[in-house]
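**Student:** Quick one: the structure is below, and I'll ask about it shortly.
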């Protein structure tokens with residue numbers, strides 16, 4: 348008797364609980380879930396395969412220049428940043444002083460100065476642009492500066508009286524007054540080391556996850572495209588080559604960090620002087636000319652160890668319809 | 009045991025890492041530009057003594073500049089080179105010939121440089137030239153030629169051939185001549201003469217007087233012999249003409265109408281078509297013993313035969329399928345295969361000296377096309393289209409075609425003209441070749457310096 352009571356009450360309870368929990372959901376309409384769209388995230392750096400249109404490039408450069416001017420004229424940079432930069436470069440402080448006025452003159456006067464430096468040769472706009480990254484490199488090279496940091500501690504004591512003299516003499520100079528706090532140099536040097544590492548990483552746009560997952564046997568898509576696009580423009584394919592031959596030349600390059608050439612090597616060099624392979628020589632020479640014409644190559648800004656040796660496979664079959 | 013396993017694991021790990029760090033990054037460059045190569049042709053230098061002699065003998069003040077102009081023009085006409093303006097040159101010709109300042113030449117964007125020197129030695133003209141790779145800063149080629157002073161234009165052509173071959177990988181076609189039919193007078197009463205000129209349109213010479221009608225002159229690929237068709241008493245005859253000696257002879261009397269004679273690649277036979285018993289077929293004739301051999305035997309009209317460069321095959325056009333199409337057969341007439349299957353009519357097939365292509369004329373919807381196709385008929389490419397154009401002839405390197413083009417006449421029958429044109433295999437570099445009078449039926453010679 349009791350058993351049946353328990354069973355029936357249990358069933359009833361179950362039905363009540365089920366109805367409480369399920370009925371409101373049954374009343375609801377099924378949710379329309381949109382189909383999943385897979386999105387592949389590819390990092391496209393400043394250097395992509397499509398070069399800026401010349402007009403657009405000029406406009407962007409102008410805009411950049413304007414921004415720079417605005418910063419220098421209206422809002423002086425934050426004290427902390429300046430301190431970091433200048434204290435790291437204490438040894439080359441004189442260079443900074445010399446460089447500072449060079450930034451202000453108009454482009455025309457810059458060209459004149461370059462002309463004076465190169466007596467016989469006529470200055471090319473390309474050469475001017477080549478110099479720019481070199482200056483940046485000087486600032487960015489961590490190894491040199493870390494070495495200098497060691498010397499800094501030793502030099503600070505020697506520099507102290509000079510700096511104090513300078514303080515007296517150049518009271519009116521706002522920036523220089525703020526620069527040096529000899530008591531905090533050591534601490535700031537340590538900070539600068541850390542900051543430098545951070546800024547360097549930011550510049551290279553490499554996150555920790557990317558760092559670990561980076562394939563060292565390849566360039567990224569955007570890096571490869573940038574290099575390809577550059578060489579496509581430089582390579583004049585010899586149109587007289589026979590269609591049906593093996594039109595592939597492999598060239599190994601040794602590069603400097605700025606993309607200029609140290610050494611080139613044709614991998615199938617033996618074919619150059621083989622009878623009946625005259626076309627190979629012509630093709631190889633055209634490839635070498637393209638590399639010479641393109642240098643400095645548009646190489647990635649980071650990971651020099653990765654690409655200091657590159658192999659370029661020049662394949663004319665596609666172009667010559669073979 | 010565990011230690012050994014651990015050790016091997018470590019070793020494998022390191023090996024994998026080493027292999028990873030040593031793998032070289034490869035980048036495939038599959039595209040390039042087809043822009044003409046910027047080249048600087050420095051005027052050839054000359055000393056004062058030689059200058060006076062040149063003035064006396066060939067009445068030219070600056071022979072060095074004249075030869076450089078010939079080279080420059082040839083390179084420009086090829087479409088593969090972009091000769092740079094002399095105004096931009098920074099280095100003097102005589103110093104540049106000794107040792108170029110490569111920075112100066114790369115500054116004006118030159119990738120190759122030609123320098124040279126002309127002088128008189130034992131009353132003969134001696135021309136030296138060097139080809140420099142500006143970007144690699146090294147010499148690529150250096151040669152010298154000696155000839156009679158009046159032959160200076162040919163020296164320019166030979167230098168161009170050498171430069172072209174060194175930079176493109178294929179033989180040049182500049183030291184060649186073109187034979188054609190020079191035309192003048194109203195369309196109904198044309199006076200047609202046989203004429204010959206250099207490939208750049210200079211040194212035109214007339215070989216016949218214009219009394220008889222001349223047609224289809226063709227060069228022997230091995231020497232300076234020409235075969236052509238001339239009407240004598242209203243009957244076409246095949247003639248052989250030696251350009252060097254000027255001697256001319258009738259190749260043979262053939263029954264009925266004879267068409268389109270052409271030499272075999274070894275120059276020992278003439279292949280042609282002639283109508284016998286109302287049926288036109290292809291025949292060959294041995295030049296030495298004059299033995300005629302029949303190649304095709306078909307009730308249709310077979311004409312315009314042309315040998316492959318190895319002499320094993322013949323291409324011709326025939327209407328055996330109902331319409332005029334291009335066929336290929338073995339040199340003995342066996343294994344005839346139709347290779348053209350496109351819309352329209354196909355004619356005048358000519359086998360390329362390189363052996364890979366057949367050039368043809370196509371008529372479709374009232375327009376004439378010059379095109380090329382592979383020897384199996386695939387890969388047909390039409391290079392140029394016009395109101396009327398035909399008779400393509402290959403340059404000896406198989407890269408350029410010459411043909412003639414006629415313009416429309418107005419209602420009064422005026423305004424008609426026929427001119428020679430050249431086009432390269434890309435189809436982009438189309439140029440008119442200047443001739444004194446109207447011109448048709450061109451044929452390109454082989455290289456003279458071979």
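Residue numbers (the numbering used here), protein chains in the order written: chain A, 348 to 669; chain B, 9 to 458.
For glycine and all other residues, C-beta sits at the position ideal for the given N, C-alpha and C.
DSSP state of residue 205/B, grouped into three classes?
**Tutor:** Here residue 205/B refers to the residue found at position 197 of the second chain. Strand at residue 205/B.
**Student:** Where does the unbroken beta strand (DSSP E) through residue 120/B begin, and where does it stop?
**Tutor:** Residue numbering aside, residue 120/B sits at position 112 when the second chain is read from its first letter. Here the beta strand (DSSP E) through residue 120/B covers 120-129.
**Student:** Secondary structure at residue 181/B, three-state DSSP: helix, strand or coil?
**Tutor:** Residue numbering aside, residue 181/B sits at position 173 when the second chain is read from its first letter. In this structure, residue 181/B counts as coil in the three-state DSSP scheme.
**Student:** Who are the Cβ neighbours of residue 287/B in its own chain at under 7 Å, not counting the five residues just before and after it?
**Tutor:** By 1-based counting over the second chain, the position of residue 287/B is 279. So the list reads 307, once near-sequence residues are dropped.
**Student:** Can you give me, in chain order, the residues of the segment 35-49 of chain B that have a beta carbon less than 7 Å from any beta carbon in chain A?
**Tutor:** 35, 36, 37, 38, 39, 40, 41, 42, 43 and 45
**Student:** Kindly indicate which three-state DSSP category residue 232/B falls into: helix, strand or coil?
**Tutor:** Residue numbering aside, residue 232/B sits at position 224 when the second chain is read from its first letter. Look at residue 232/B here: in three-state DSSP terms it is coil, with no helix or strand label.
**Student:** Are the CB atoms of residue 318/B and residue 357/B nearer to each other than 8 Å?
**Tutor:** Looking up residue 318/B in the second chain gives position 310. Looking up residue 357/B in the second chain gives position 349. No, the pair does not count as a contact, with Cβ atoms beyond the cut-off.
**Student:** Report the rounded CA-to-CA distance for residue 261/B versus residue 241/B, giving the unit in angstroms.
**Tutor:** To locate residue 261/B, count along the second chain from 1; it is residue 253. To locate residue 241/B, count along the second chain from 1; it is residue 233. Cα to Cα, residue 261/B sits roughly 13 Å from residue 241/B.
**Student:** Run through chain A and tell me which residues come within less than 7 Å of residue 88/B, C-beta to C-beta.
**Tutor:** The residue labelled residue 88/B in the question sits at position 80 within the second chain. In chain order: 586.
**Student:** With a 10 Å radius around its C-beta and 16 neighbouring C-beta atoms as the bar for buried, classify residue 413/B as buried or exposed.
**Tutor:** Residue mapping note: residue 413/B aligns to position 405 of the second chain, counting from 1. It counts as buried.
**Student:** Who are the neighbours of residue 629/A on chain B, taking C-beta pairs under 8 Å?
**Tutor:** As a first step, residue 629/A must be located in the first chain, where it is residue number 282. In chain order: 174, 175, 176 and 177.
**Student:** Of all the options 54/B, 457/B and 437/B, which has the alpha carbon lying nearest to the alpha carbon of residue 586/A?
**Tutor:** Walking along the first chain from the start, residue 586/A turns up at place 239. Per the Cα distances, 437/B.
**Student:** Closer than 8 Å, CB to CB, is residue 571/A near chain B or not?
**Tutor:** On the first chain, residue 571/A is found 224 positions in, with the first residue counted as 1. At least one chain B Cβ lies under 8 Å of residue 571/A.
**Student:** Relative to the alpha-carbon of residue 181/B, which residue among 440/B, 434/B, 445/B and 430/B has its alpha-carbon at the smallest distance?
**Tutor:** Within the second chain, residue 181/B is the residue found at index 173, counting from 1. Residue 430/B is the option with its Cα nearest to residue 181/B.
**Student:** What residues from chain B crowd round residue 612/A, counting only those whose CB sits closer than 8 Å?
**Tutor:** The residue given as residue 612/A occupies position 265 in the first chain. Chain B residues near residue 612/A: none, gap ~11 Å exceeds 8 Å.
**Student:** Using the Cα positions of residue 643/A and residue 189/B, report the straight-line distance between them to the nearest angstrom.
**Tutor:** Working through the first chain from its first residue, we reach residue 643/A at position 296. Working through the second chain from its first residue, we reach residue 189/B at position 181. Roughly 55 Å between the two C-alpha positions.
**Student:** May I ask you to list the residues that DSSP assigns as paired with residue 293/B?
**Tutor:** Taking the second chain and counting its residues from 1, one reaches residue 293/B at position 285. Note: residue 293/B sits in a beta bridge opposite 278/B and 300/B.
**Student:** Relative to chain A, which residues along the segment 119-135 of chain B have a C-beta separation below 8 Å, given in chain order?
**Tutor:** 119
**Student:** Assuming contact is defined by CB atoms lying nearer than 8 Å, are residue 654/A and residue 566/A in contact in what I supplied?
**Tutor:** Sequence index remark: in the first chain, residue 654/A carries index 307 (1-based). Sequence index remark: in the first chain, residue 566/A carries index 219 (1-based). Yes, Cβ-Cβ distance for residue 654/A and residue 566/A is below 8 Å.
**Student:** Hey, could you find the ends of the beta strand (DSSP E) residue 377/B is sitting in?
**Tutor:** For this step, residue 377/B is matched to residue 369 along the second chain. Where residue 377/B is concerned, the enclosing beta strand (DSSP E) stretches over 375-382.
**Student:** Do three or more CB pairs link the segment 149-169 of chain B to the segment 603-619 of chain A at distances below 8 Å?
**Tutor:** Counting C-beta pairs closer than 8 Å gives fewer than three between the segment 149-169 of chain B and the segment 603-619 of chain A, which falls short of the contact rule.
**Student:** Under the rule that 16 or more other beta-carbon atoms within 10 Å means buried, what is residue 622/A, buried or exposed?
**Tutor:** For the purposes of this step, residue 622/A is taken as the residue at position 275 of the first chain. By the neighbour-count rule (16 or more Cβ atoms within 10 Å), residue 622/A is not buried but exposed.
**Student:** Along the chain, which unbroken stretches of the alpha helix (DSSP H) at least 4 residues long are found entirely within the segment 42-101 of chain B?
**Tutor:** 56-66 and 71-86
**Student:** Can you tell me which of the three DSSP states residue 222/B falls into?
**Tutor:** Taking the first residue of the second chain as 1, we reach residue 222/B at position 214. The three-state secondary structure of residue 222/B, taken from DSSP, is strand.
**Student:** Does residue 528/B come within less than 8 Å of chain A when only Cβ atoms are used?
**Tutor:** Because residue 528/B is not part of the residues shown, which for chain B are 9 to 458, the question remains open.
**Student:** Secondary structure at residue 372/B, three-state DSSP: helix, strand or coil?
**Tutor:** The count along the second chain starts at 1 and reaches residue 372/B at position 364. Strand, per DSSP.
**Student:** Unbroken beta strand (DSSP E) runs of length 3 or more, entirely within the segment 606-639 of chain A: which are they?
**Tutor:** 608-613
**Student:** Does any C-beta atom of chain B lie closer than 8 Å to the C-beta of residue 649/A?
**Tutor:** Counting from one through the first chain, the residue named residue 649/A turns up at place 302. No, residue 649/A does not count as interfacial toward chain B.
**Student:** At 4 residues or longer, what runs of the alpha helix (DSSP H) sit wholly inside the segment 381-433 of chain B?
**Tutor:** none
**Student:** Kindly indicate if chain A contains any beta-carbon less than 8 Å away from that of residue 76/B.
**Tutor:** Along the second chain, read from residue 1 onward, the residue named residue 76/B stands at position 68. Closer than 8 Å: no.
**Student:** Could you tell me the boundaries of the beta strand (DSSP E) in which residue 265/B lies?
**Tutor:** On the second chain, position 257 is the one that residue 265/B refers to. Neither: residue 265/B is in no beta strand (DSSP E) and is coded neither H nor E.
**Student:** Evaluate residue 228/B with the Cβ neighbour count: other Cβ atoms within 10 Å of its Cβ, from every protein chain shown; 16 or more gives buried, anything less gives exposed.
**Tutor:** Within the second chain, numbered from 1, the residue matching residue 228/B stands at position 220. Its Cβ being crowded by 16 or more others within 10 Å, residue 228/B is buried.
**Student:** At the level of alpha carbons, what is the spacing between residue 348/B and residue 264/B?
**Tutor:** The count along the second chain starts at 1 and reaches residue 348/B at position 340. The count along the second chain starts at 1 and reaches residue 264/B at position 256. Cα to Cα, the separation comes out at about 29 Å.
**Student:** Examine the Cβ distances between the segment 390-398 of chain B and the segment 337-345 of chain B and report whether three or more of them are shorter than 8 Å.
**Tutor:** no
**Student:** In whole angstroms, what is the alpha-carbon distance linking residue 360/B and residue 403/B?
**Tutor:** As a first step, residue 360/B is located in the second chain; it is residue number 352 there, counting from the start. As a first step, residue 403/B is located in the second chain; it is residue number 395 there, counting from the start. Straight-line Cα distance between these residues: approximately 9 Å.
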